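Peer 1:
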Amino acid sequence: MGRAPCCDKKGLKKGPWTPEEDKLLVDYIQANGHGSWRLLPKLAGLNRCGKSCRLRWTNYLRPDIKRGPFTAEEQKSIVQLHGIVGNKWSMIAAQLPGRTDNEIKNYWNTHLKKQLRRMGLDEPPLGPAAGCPAARHMAQWETARLEAEKRLSMLSSSGAAATTLTAAAAAGPLPPVDATKDAVKQEAALPGDDSSAASNEVEPADAVDEYQMFLDFAGEELGLFHGRHGGFSLFPPIDVLAESSLDTAF
DNA sequence: AAAAACTGCAACCGCTCCTGT
DNA sequence: AACAGGAGCGGTTGCAGTTTT
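Residue numbers 1388 to 1637, in my numbering, belong to the letters of the first sequence in order.
(1) Taking the Cβ atom as the reference point for each residue, do residue 1440 and residue 1427 lie within a distance shorter than 8 Å?
(2) Give a yes or no on whether the C-beta atoms belonging to residue 1452 and residue 1487 are separated by under 8 Å.
(3) Going by beta-carbon coordinates alone, are residue 1443 and residue 1412 separated by less than 8 Å?
(4) Counting only runs that start and end within the stretch 1456–1505, where is the alpha helix (DSSP H) found for 4 or more residues in a row?
(5) For residue 1483 and residue 1490, what's the separation of their Cα atoms in angstroms?
(6) Determine whether the beta carbon atoms of residue 1424 and residue 1438 lie at a separation below 8 Å.
(7) Quick check on DSSP: helix, strand or coil for residue 1439?
(8) Check each candidate in 1475, 1485, 1433 and 1500 and name the one with the smallest Cα separation from residue 1450.
(9) Near residue 1495, which residues of its chain fall below 7 Å by C-beta distance, leaving aside the five closest residues on each side in sequence?
(10) I believe residue 1408 touches residue 1448 by the beta-carbon criterion, under 8 Å. Please report the beta-carbon distance rounded to the nearest angstrom.
(11) With distances taken Cα to Cα, identify the nearest neighbour of residue 1498 among 1416, 1404 and 1461.
(12) Going by DSSP, what residue range makes up the alpha helix (DSSP H) through residue 1415?
(13) I need the DSSP call for residue 1426, collapsed to helix, strand or coil.
(14) Count the other CB atoms within 10 Å of the CB of residue 1480; is the residue buried (16 or more) or exposed (fewer)?
(15) Classify residue 1410: buried if its beta carbon has 16 or more other beta carbons within 10 angstroms, exposed otherwise.
(16) May I have the straight-line CA-CA distance separating residue 1503 from residue 1463, to the nearest angstrom?
(17) As a quick exercise: from 1458, 1399, 1420 and 1467, pick the residue whose alpha carbon is nearest that of residue 1445.
(18) Taking the alpha-carbon of residue 1399 as reference, which of 1435, 1459 and 1417 has the nearest alpha-carbon?
(19) My guess is that residue 1476 and residue 1492 are in contact by the Cβ rule of under 8 Å, so how many angstroms apart are they, rounded?
(20) How would you call residue 1467, buried or exposed, if buried means at least 16 neighbouring beta carbons within 10 angstroms?
(21) With H, G and I counted as helix, E and B as strand and the rest as coil, what does DSSP make of residue 1399?
(22) For residue 1417 and residue 1404, I'd like the C-alpha separation in whole angstroms.
(23) Hey, would you say the C-beta of residue 1481 is under 7 Å away from at least one heavy atom of the ligand ATP?
(24) According to DSSP, is residue 1434 helix, strand or coil?
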């Protein structure tokens, strides 16, 4: 598939960003939004490729980026999420508001990996295939959550719902649909799963019911998880989650 | 004090996926 | 259905700063 042309073929600048370049980028995005990343450098007066601009913005210049060291809670979340989804840094980042995937990736590679090794723990097995029963439960939970989100997002995009899941995510740390697309695809590809095809015509009321079922399921699963892991929480308590998500989304 | 080794982070590269035609 | 362009993601690299010898 068409690969983005390499920057150096066009004589574009690479390497560290100067404060002047940062300012140009920030000023432009604040005034116009990023729009097409490919066109942005030209419009903003930058001698950079769009890719470089996007990276600089998402990893460094975005105003909502949280700076400073990771908290113990964030560390715990990263370790747990990594055990569940593996190196899906964007998915992990979606659970940690203000943190970027690049930052989390770096933190994992430089700090947490070593820390786990020092503690005598090998790197945990990656992905939903992880052998630990709790991880399997979480993987099932994640699958169900993604399915519910997928349906909800279809609803939203068709205009049937007043707000999007992103709004719900703002109320609680459910990730935006974008961040979960890999898993959604996996889910959609499951043999014998005809729900994704049928979901195109899902009725609003059905979606609400399904989302509620998902929340109920998640509640049970999380209860189990809490019980086994001494109160660790990836997500807010389920009653809060249910209340805020449903209230905001509907 | 100087050199070597190590560490952490910003940025780049190349691949895959998504979307429009 | 096939193709092309654009966006996003994960892996890797380069280098400045810090620590150790």
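Don't be surprised by glycine CBs; every beta carbon is placed ideally from N, CA and C. All values reported here derive from a predicted model rather than from experimental measurement.
Peer 2: Let me spell this out:
(1) Yes.
(2) Yes.
(3) Cβ atoms of residue 1443 and residue 1412: closer than 8 Å.
(4) Unbroken alpha helix (DSSP H) stretches of 4 residues or longer found wholly inside the stretch 1456–1505: 1459–1472, 1476–1481, 1488–1494 and 1500–1505, given in chain order.
(5) Roughly 11 Å between the two C-alpha positions.
(6) Taking 8 Å as the Cβ cut-off, residue 1424 and residue 1438 qualify as a contacting pair.
(7) Here residue 1439 sits in helix by DSSP.
(8) Residue 1450 has its Cα closest to that of 1485, out of 1475, 1485, 1433 and 1500.
(9) Excluding sequence positions up to five before and after residue 1495, its CB lies within less than 7 Å of the CB of 1465 and 1469, all in the same chain and listed in chain order.
(10) 10 Å between Cβ atoms; not a contact.
(11) The residue with the shortest Cα to Cα distance from residue 1498 is 1461.
(12) That run of the alpha helix (DSSP H) goes 1406–1419.
(13) It is coil, neither helix nor strand.
(14) Counting the other CB atoms within 10 Å of its CB gives residue 1480 a total of 16 or more, which places it among the buried residues.
(15) Around the C-beta of residue 1410, fewer than 16 other C-beta atoms lie within 10 Å, and the residue is accordingly described as exposed.
(16) Approximately 11 Å, taken between the alpha carbons.
(17) Closest option to residue 1445, Cα to Cα, is 1420.
(18) The closest CA to that of residue 1399, considering only 1435, 1459 and 1417, is found on 1435.
(19) With 8 Å as the limit, residue 1476 and residue 1492 qualify as a contact, their Cβ atoms being about 5 Å apart.
(20) Buried, since its Cβ has 16 or more Cβ neighbours within 10 Å.
(21) In this structure, residue 1399 counts as coil in the three-state DSSP scheme.
(22) The C-alpha of residue 1417 lies about 18 Å from the C-alpha of residue 1404.
(23) With respect to the ligand ATP, the structure offers nothing, as it holds no ligand at all.
(24) In the structure shown, residue 1434 falls within a coil segment according to DSSP collapsed to helix, strand and coil.
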